[in-house]
Structure formats: C-alpha cells, structure tokens
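Numbering of the sequence shown is given in our numbering, commencing with residue 20 and proceeding in unit increments. Even for Gly, the Cβ is constructed at its ideal location relative to N, Cα and C. Quick caveat, the model's predicted, so the values are computed rather than measured. Comments concern the structure below.
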Amino acid sequence: MSHPVYHNLIGGQWLPAAGGSTILNLNPADHTDVIGEFPASHAEDVDRAVQAARHAYAAWRLVPAPRRAEILLRARDLLVQRKERLAKDMTREMGKVLAETRGDVQEAIDEALYVAGEGRRLFGVTTPSELQNKFAMSVRMPVGVVGLITPWNFPMAIPSWKLFPALVAGNTCVIKPATDTPLSTYNLVQALVDAGLPPGVVNIVCGSGSHAGAALLDHPDVRAISFTGSSAVGSHVGQRAAANFKQVSLEMGGKNAQIVLDDANLDLALDGALWGAFGTTGQRCTATSRILLQRGIAAEFTQKLVARARELKIGNGLDESVQVGPQVNAAQIETSERYVEIARKEGAKMLCGGHALRHDAYAHGTFFEPTVFAGVEPQMRIAREEVFGPVVSLIEFDTFDQAIAIANDIDYGLSTALYTRDVNRAFAAIRDLEAGITYINAPTIGAEVHLPFGGVKHTGNGHREGLGALDFFTTWKAVYVDYSDKLQRAQIDNAE
Ligand code: NAP
Ligand code: MG
C-alpha cells in the first residue's frame with residue numbers, strides 16, 4: 020500500500036532532505052500500518068533551515084507582539100476544528116489511547132490561548148534611576164533564531180510549549196521533532212501556516228538526533244536551544260550548546276513518587292496510582308514509577324492495585340475501550356524487559372505483568388503488560404532509574420519523615436504526589452519534597468499549561484516551560500534615558 024511522503028519545511032517550501040534519504044514512521048500498535056515517509060536530514064538541511072529562519076527574523080521581530088499573538092489565536096481555532104483528526108494521527112504514530120491524544124491536542128489549544136494573551140503583556144519593569152532627570156526601564160527582546168528538539172511522548176503538546184512562546188516573543192524557529200513522531204509536529208505547524216504565519220518563521224527539519232539534532236546544536240546562528248528528552252541526551256546537549264555559547268533549556272527525565280499515608284482516601288489513591296503509573300503506558304516524564312506505602316495500608320493497597328492493573332485492557336489506542344496502548348518502539352520494550360530482569364535479580368517481587376505481548380492481535384506491535392514490583396528497597400536500581408514503561412515499584416515505609424527522605428533520595432526531581440487527609444503533613448511535604456511539581460491528593464501526572472513546568476536535579480537546568488517559558492525565549496535589555504542635558508555619572512556624581 021502506498022503511503023504519504025513528507026518533506027522538511029524550509030522558508031515556506033516543502034523540500035526533501037538534500038541527501039534524499041527518508042525514515043518510515045510506523046504505527047507501534049501495528050507495524051504493517053505505515054504513517055508516512057519523512058526526510059532523514061543532515062547538517063546541510065539544518066543550515067538551510069537556519070538561514071531561512073535568520074532571513075525571516077528581520078521582519079518577524081518587528082511585527083507587534085499583539086499581531087503575532089493573533090496568528091496563535093487563529094491557529095488555536097484551527098486546532099479546535101481539527102482536533103479529532105489530529106488525535107487519531109497521533110494515536111497512529113505513537114500509540115497512546117485516543118482519550119489521551121485528544122488531551123495532547125487540547126494542551127496545544129490551551130497553550131495557544133494562554134500564550135496569545137502574553138502578546139498584550141510581555142511585561143517589562145520600570146524602576147527609579149539613582150540620578151535626577153533620568154528614566155530607567157527593562158524591556159524583553161527576542162533571542163533570535165532558536166532550535167527546538169522534542170521527544171515523542173507528547174508530540175504536539177511539547178512542541179507547542181516551545182513554539183508558541185518563542186513566536187509570540189518574536190523569535191524564529193527551527194524544530195527537530197522526535198524521529199518516532201514527526202507527523203504531530205507537522206500537524207501543529209500546518210495550523211500555524213494556515214493561520215497566516217509568514218514563511219521561514221517556523222521551519223521543520225526531520226531526522227535523527229545524532230545528525231539533524233547535532234547540527235542544530237553546532238550551528239553558529241542558532242542562539243538558543245530548548246530541549247526535552249532524556250537526561251543522558253540532555254547532558255550532552257547542554258555541554259555542546261554551552262561550548263557554542265548558546266542559551267539552553269533542558270527538560271529531562273523523572274522517577275516520580277506517589278506517597279500514600281495511612282490516613283489517605285485509599286480508593287482515591289488507587290485511582291491516582293493506576294492512572295499515574297499506566298496512563299500513556301508509563302511513558303510520561305511525570306509517570307508514577309515509585310509508590311511509597313505507609314505500613315498500615317500497604318497490604319490492602321498492594322492487593323487492590325494488582326487486581327486493577329491485571330484488568331487493564333491493552334491494545335490499539337484507536338479502540339475506545341482500550342486503556343493501555345503500545346510502547347512507542349521495540350527499543351522501549353527492550354528497556355522494560357531489561358528493567359524487569361534487573362528488578363528480579365535485585366530481589367524485588369513481581370506481582371503482575373513483566374512480559375511483552377506477542378501473540379494474536381499483539382503480534383505486529385510493541386506491547387508490554389502493566390507490571391508491579393513489591394518489596395522494592397530504595398537502593399535498588401528499579402527504584403532509582405527511569406524505565407519509561409508500564410513498570411511501577413512499591414516501597415514500604417513507617418514514618419512520614421522516612422517517606423520524604425526516600426522520595427528525595429534519587430537523582431531526579433520532576434513530579435511528586437502525596438495522598439493524605441492531614442493538612443499539616445500536606446504543607447510539610449510541599450515544603451520538603453525536592454521536585455518541580457507537587458500534587459496533594461492527585462496523581463503525579465496532569466500538569467496545566469499556565470503553571471511552571473520542569474524539575475530540579477538531573478531533571479532540569481533551572482528553566483521552566485509554561486509560566487517561565489517567556490523568560491527563556493526573551494532576553495532583557497536595560498534602557499536608560501537621561502533627560503538632564505548633562506553628563507551624569509552613576510555611582511560617582513551622587514555618592515556621599
Ligand atoms: P531522547 O532520546 O533524549 O530524545 C529527545 C530528542 O533529542 C529527540 O528529538 C532525539 O532525536 C533528540 N536527540 C537524540 N540524540 C541527540 C543528539 N546527540 N543531539 C541532539 N538531539 C538529539 O528522549 P525520548 O526517548 O525522545 O523521550 C523520552 C525522554 O524524555 C524521557 O527520559 C522523558 O522523561 C523525557 N521527557 C521529559 C519531559 C520533561 O518536560 N521533563 C517531557 C517529556 C519527556 P531522535 O528522536 O532522532 O532520537
Ligand atoms: Mg511512529
């Protein structure tokens with residue numbers, strides 16, 4: 020069966036990779052379903068895209084921000100109209116169930132509305148000068164050409180978190196989508212193009228991280244890199260970008276803990292754990308991968324969680340009755356299998372799951388059973404390293420202070436959740452959990468676009484998406500206007 024062939028978007032034109040090679044985008048629920056063929060780009064293609072973005076920047080930075088924002092609003096309306104089709108495309112290309120891909124498109128819709136409002140804010144600061152007859156203010160300026168490198172698990176939401184604030188602030192962009200999910204980036208950018216975005220303001224270059232991604236990191240005309248992905252790749256991206264004096268924002272992995280205290284609403288905590296651990300097949304940076312159980316409720320919680328995990332319906336996400344879709348590719352399945360083996364060798368007890376599914380309807384896809392390990396100790400690798408699959412570890416503790424210490428004793432610091440009815444403990448946890456996000460009586464997943472998103476330690480390098488993205492995509496300029504008509508010397512003329 021023939022499939023569509025997609026090209027890079029460079030300066031408003033759809034162009035194949037200069038080298039002519041392509042990469043197939045397959046449906047992880049059914050590898051016989053080919054979504055399309057995408058360019059395998061190299062440095063030459065990236066250079067063309069950066070030149071197009073540089074050229075477009077000259078005019079785009081002068082478009083008033085409220086006008087730039089209107090394009091985002093029109094794109095938002097188009098995304099609303101196209102939501103169902105785009106959600107289906109996304110389920111086909113990366114596997115998560117339709118309810119979740121609708122949510123992913125909705126996140127881009129929400130982000131467009133939120134960021135478009137910033138077109139009429141983009142607030143700066145005015146402040147008194149230390150000298151008479153002198154005016155002082157700070158204004159936000161665009162950074163220039165920015166490079167965006169995105170992962171496959173939120174293939175429309177994450178590009179929208181980066182593209183929309185970058186655009187409203189007056190930057191031009193080159194985006195390198197994940198190899199597994201370029202179509203959702205095309206669908207997002209197509210909405211911007213149809214909404215009237217001028218040519219060259221957003222350019223798409225598809226290809227592998229080691230070729231297309233690396234070329235973006237090294238290009239001298241790219242001023243900033245915004246990356247979301249694994250901590251291993253992020254560390255490399257950060258170092259390479261730093262060597263070229265680029266600003267760099269890194270959003271990376273997690274090993275997120277849900278803590279359940281003895282006084283918690285147990286059914287609520289179970290609902291949260293099930294959704295947090297197995298939603299998106301465990302492939303969220305904020306996925307619950309450790310559940311910390313206070314001794315009094317541990318046995319009952321464990322038994323109920325396992326019973327419910329066993330009942331989850333696994334299959335093709337296009338089937339509305341399916342709850343857990345496939346993992347995105349064979350490498351992710353191998354990672355899940357490897358960690359199951361590691362956990363067993365460490366002495367953790369597997370209570371359910373643990374296997375890839377390869378029979379009958381699963382034969383053409385990359386499916387893995389929801390897996391629960393009990394008897395996990397905080398020092399085990401299964402309790403410390405990101406799996407990025409439907410695998411969750413149960414760890415028992417006695418006191419609240421122990422739970423906080425275990426939750427914090429890892430390299431990552433993205434999301435955390437506490438289930439309790441004790442308001443004092445809730446506020447102590449908000450203060451003491453080392454993470455960019457803390458939920459009380461809600462699962463570790465479920466961020467909203469207008470709050471800061473990101474983490475501490477190996478999860479991030481201090482920047483935030485959502486509330487905070489404009490700080491990354493703008494650079495401050497301090498402006499002094501002296502209307503005294505004489506030379507006034509700061510720190511000298513008015514000193515004691
Ligand atoms: P990944 O392997 O790190 O890849 C992320 C992106 O970087 C992809 O576009 C990838 O291209 C590209 N890349 C790979 N090597 C590169 C290189 N040498 N130079 C430049 N770019 C390179 O991550 P992933 O597997 O796509 O996504 C899963 C990871 O993302 C998990 O660790 C998850 O926790 C994290 N994540 C974090 C957040 C957050 O906001 N904190 C959100 C979502 C996901 P290819 O696709 O061609 O490899
Ligand atoms: Mg795919």
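For Val395, the secondary structure class from DSSP, reduced to helix, strand or coil, is coil. Here Ala436 carries a strand assignment [DSSP, helix/strand/coil]. Contact between the stretch 151-170 and the stretch 85-103 is absent: fewer than 3 CB-CB pairs across the two stretches fall below 8 Å. Excluding five sequence positions before and after Val208, the CB atoms of its chain that fall closer than 7 Å to its own CB belong to Leu28, Val221, Ile223, given in chain order.
Remark: fewer than three beta-carbon pairs, one from each stretch, lie closer than 8 Å, so the stretch 353-368 and the stretch 261-268 are not flagged as touching. Around Phe183, the same chain offers Leu91, Glu130, Ala131, Val134 as residues with beta carbons nearer than 7 Å, after the five sequence neighbours per side are excluded.
Cβ neighbours of Gly373 within its own chain (closer than 6 Å, five residues either side excluded): Val359, Thr390.
The alpha-carbon separation between Ala402 and Ile361 amounts to approximately 11 Å.
Under the 8 Å Cβ criterion, the stretch 338-356 does not count as touching the stretch 433-447, having fewer than three qualifying pairs.
The stretch 60-80 and the stretch 242-256 do not touch, with fewer than 3 CB-CB distances between them shorter than 8 Å. By the criterion of a C-beta distance shorter than 8 Å, Leu97 is surrounded in its chain by Ala210, Asp213, Ala214, once the five residues flanking it on both sides are discounted. Inter-residue distance for Met109 and Arg121 is about 9 Å (C-alpha atoms, whole angstroms).
Residue environment for Ser412: buried (at least 16 other C-beta atoms within 10 angstroms of its C-beta). The Cβ-Cβ distance between Lys274 and Arg309 falls below 9 Å. If you check the C-beta of Trp171 against ligand 1, you find a heavy atom less than 8 Å away.
Listed in chain order, the non-local C-beta contacts of Lys496 below 6 Å within the same chain comprise Val158, Met160, local neighbours out to five positions each way being set aside. The alpha-carbon of Ala127 is positioned some 53 Å away from that of Asp512.
Taken in chain order, the unbroken stretches of beta strand (DSSP E) that lie wholly in the stretch 130-211 and span 3 residues or more are 144-147, 153-161, 164-168, 191-195.
Cβ neighbours of His50 within its own chain (closer than 6 Å, five residues either side excluded): His383. In the DSSP assignment, Met109 falls outside any beta strand (DSSP E) and within the unbroken alpha helix (DSSP H) covering 84-113. For the pair Glu119 and Ala84, the CB atoms are not nearer than the 9 Å cut-off. For Asn44, the enclosing beta strand (DSSP E) stretches over residues 41-46. Put simply, the backbone Cα of Arg259 is about 44 Å away from that of Gln313.
About 7 Å separates the Cβ atoms of Tyr431 and Gly474, confirming a contact at the 8 Å cut-off. Secondary-structure assignment with DSSP links Cys371 through a beta bridge to Val391. For the pair Pro174 and Thr198, the CB atoms are not nearer than the 9 Å cut-off. Per DSSP, the beta bridge partners of Trp33 are Leu28. Note that the C-beta distance between Gly232 and Lys195 is below 9 Å. Contact annotation: Ala328 and Ala296 have beta-carbon atoms nearer than 9 Å. Ranked by Cα distance from Thr299, the first of Leu370, Ile278, Glu388 is Glu388. Taking a C-beta distance under 9 Å as the contact criterion, Thr457 and Pro47 do not qualify as a contact pair. Cβ contact annotation for Thr418 (same chain, cutoff 7 Å, sequence separation greater than five): none. Under DSSP, Arg377 forms no beta bridge with any residue. By the neighbour-count definition (other C-beta atoms within 10 Å, threshold 16), Arg303 is a buried residue. At least one heavy atom of ligand 1 lies closer than 8 Å to the C-beta of Lys195.
In this chain, the beta strand (DSSP E) harbouring Val500 covers 493-501.
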